[in-house]
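First comes the structure, then the notes that go with it.
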DNA sequence: CTGTATCCCCATGGATACTG
DNA sequence: CAGTATCCATGGGGATACAG
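Residue numbers (my numbering), protein chains in the order written: chain G, 1333 to 1606; chain U, 1333 to 1606.
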């Protein structure tokens, strides 16, 4: 981008020149990622920026190298692995990003809640995403690895099919930020074992639009809720889902569900004390 | 510019969103100009940004308005005059530009001297500009008004045909920054009256490439020279030009030139004292 | 003076297939 | 794993003429 001949003091032209180095689609993204994560390999950058294609990443990295914002170094020869890291000049862009963040918080203030949608079915993902786009910043993932990475952003809400998670529920519990409200998606006839999942609520597939939006809204409203209340509501929600399918008698003797009833009474007790 | 789906904390995405508001050719220029000069009218913006066409300026201003970075207000209805000024959000971009300037000074450090070329003949301007482009940041103007505006940038050197300046030499002296080294362009047979022009040196047209570059180089080397030395060299240069055309006898009695000889001896005296 | 309305170019970005 | 090579589409940017 060339901007010859502007009646402006040299300092301002310098700022515009600097800005033009950041004025394309992917270069600032790569810089931001490297600022956050330190040196990364080609494949790690690809993973961190899902929407970039290998050729675009190559072009971007080449351009950044030419401008001396990143260094490329070969780690191993075979198989070939390389590492990209910021140069001093690149690292010194941190204050620029800081000032942009400060401005953004003041004037974009996009406090639209962030929602991660996770499902193996990409058609469904697209549909759900479209439903939520009016009200939320939604992003979609279609496997566990992607979902885990999204957790780094501490989204406000995660809506995910529990089948998406290959590992066990405790692993999910460890990966998912505590503050993130969790909505589990289950099949039409939920198994009692679903109560092992640390979700705030569950929705049965297939979803309806209003149902999904209402559920997400409800979770967003409850952001910052004190932990005991949150846990109580989660258990109640889980139990009420199961009670719609199974008899209470059956549930109270089920190995997965019984602990929830116990936990519920103990929570009720401690809440009654206060 | 859309950058969906990046694995990055919300703050960084905010920075990228903010950045994308500044990622086109003219919007940051308009912002920078308004930050420097305060509210401006459409025509003033056109003048400050010579390379923008009216339709591009319109588009740019519309886009800036949509993003709430500038406000448009009608000053008079007929003839229609409007004024554009930064909103609070726009003004708050100053720290962003500051950080860009800081980064630029550290890492672009393009300290190529800036040279303003002034001539009524645009073909010549283009030629001279091409000659200087290897070594200098040159910009061209073809009338007095443009030259005056360029002075706001305190260029390192100005090379201008003295016929370009419609007003008298004292006016030029007042407008041109003191630190800017001045090279006057004169016809083949310079009039003695040229010594009224406050130039560091003169060149006779037509110019040769090596001659022009050498002259500009010489002036750049002398940037920051103490004033008495500068004035002495300026007078010597002026006199030697005239002495190449006229007899010394004639010059010493000329009403324009005689004061220069006097001034020269008085400068020599004061220099000898130290 | 302050813009519109059209038309058009080409650089940026992207899809796809292939490779050391 | 870390890229290349090719081809293609879009839309940002611009030239020109016109208008309230």
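We put the beta carbon where it would ideally sit given N, CA and C, even for glycine.
Check                                                                                                                           : Outcome
Nearest-angstrom beta carbon gap, residue 1524/G and residue 1589/G [assumed within contact, 8 Å]                               : 5 Å
Nearest neighbour of residue 1419/G, chosen from 1396/G, 1479/G and 1406/G [CA to CA]                                           : 1396/G
Start and end residues, beta strand (DSSP E) containing residue 1516/G                                                          : 1513-1518
Rounded Cβ spacing between residue 1362/U and residue 1392/U (contact assumed at less than 8 Å)                                 : 6 Å
Within 8 Å of chain G by C-beta, residues of the region 1568-1598 of chain U in sequence order                                  : none
The region 1424-1438 of chain G in contact with the region 1368-1386 of chain G per 3-pair CB rule at 8 Å                       : no
Where residue 1416/G sits in the DSSP three-state scheme                                                                        : strand
Selected residue, minimal CA-CA separation from residue 1339/U, among 1478/G, 1412/G, 1345/G and 1490/G                         : 1478/G
Test: residue 1383/G CB closer than 9 Å to a CB of chain U                                                                      : yes
Residues near residue 1593/U by beta carbon distance below 7 Å, same chain, minus five either side                              : 1584
Reduced DSSP secondary structure (H/G/I, E/B, other) of residue 1375/U                                                          : helix
Same chain, Cβ closer than 6 Å to residue 1569/U, five either side skipped, listed in chain order                               : 1533
Three-state secondary structure assigned by DSSP to residue 1425/G                                                              : coil
Sequence-distant residues of the same chain with beta carbon closer than 8 Å to residue 1606/G, five excluded per side          : Low confidence applies here, because residue 1606/G scores a pLDDT of 44, under 50, leaving its location unreliable; read the following figure in that light. Excluding positions up to five away in sequence, the list is empty.
Paired residues, beta bridge with residue 1450/U - DSSP                                                                         : 1473/U and 1492/U
Inter-residue spacing [alpha-carbon to alpha-carbon] between residue 1446/U and residue 1352/U                                  : 30 Å
Straight-line Cα distance separating residue 1511/G from residue 1486/G                                                         : 7 Å
Residue 1350/U at chain G interface by Cβ criterion, 9 Å                                                                        : yes
Residue burial classification, residue 1370/G (beta-carbon count within 10 angstroms, cutoff 16)                                : exposed
Local conformation of residue 1536/U per DSSP, three classes                                                                    : strand
Residue closest to residue 1495/G, alpha-carbon to alpha-carbon, out of 1528/G, 1554/G and 1559/G                               : 1528/G
Residue 1549/U in three-state terms, based on DSSP                                                                              : helix
Chain G contact for residue 1600/U (CB, 9 Å cutoff)                                                                             : no
Endpoints, beta strand (DSSP E) assigned at residue 1407/U                                                                      : 1402-1408
Chain G within 9 Å of residue 1356/U, Cβ atoms only                                                                             : yes
7 Å Cβ cut-off: residues of chain G touching residue 1513/U                                                                     : Those do not exist, as residue 1513/U stays about 16 Å from chain G at its closest Cβ, beyond 7 Å.
Under 7 Å from the C-beta of residue 1529/U: neighbouring residues of chain G                                                   : Per Cβ cutoff of 7 Å: no residues; residue 1529/U is ~24 Å from chain G at best.
Min CB distance residue 1338/G to chain U below 9 Å                                                                             : yes
Residues of its chain near residue 1333/G, where Cβ-Cβ distance is below 7 Å and the 5 sequence neighbours each way are ignored : 1352 and 1355
Assigned secondary structure, residue 1522/G (DSSP; H/G/I helix, E/B strand, else coil)                                         : coil
CA-to-CA distance, residue 1341/G to residue 1508/U, given in whole angstroms                                                   : 14 Å
Where residue 1412/U falls, given that 16 or more other Cβ within 10 Å makes a residue buried                                   : exposed
Near-chain U residues of the region 1361-1382 of chain G - C-beta to any C-beta below 7 Å                                       : 1361, 1364, 1365, 1368, 1380, 1381 and 1382
Residue 1567/U, enclosing alpha helix (DSSP H) - first and last residue                                                         : 1559-1575
7 Å Cβ shell around residue 1426/G - same chain, five flanking residues per side excluded                                       : 1367
Residues near residue 1490/U in its chain [Cβ-Cβ closer than 6 Å; skip 5 each side]                                             : 1448, 1512 and 1514
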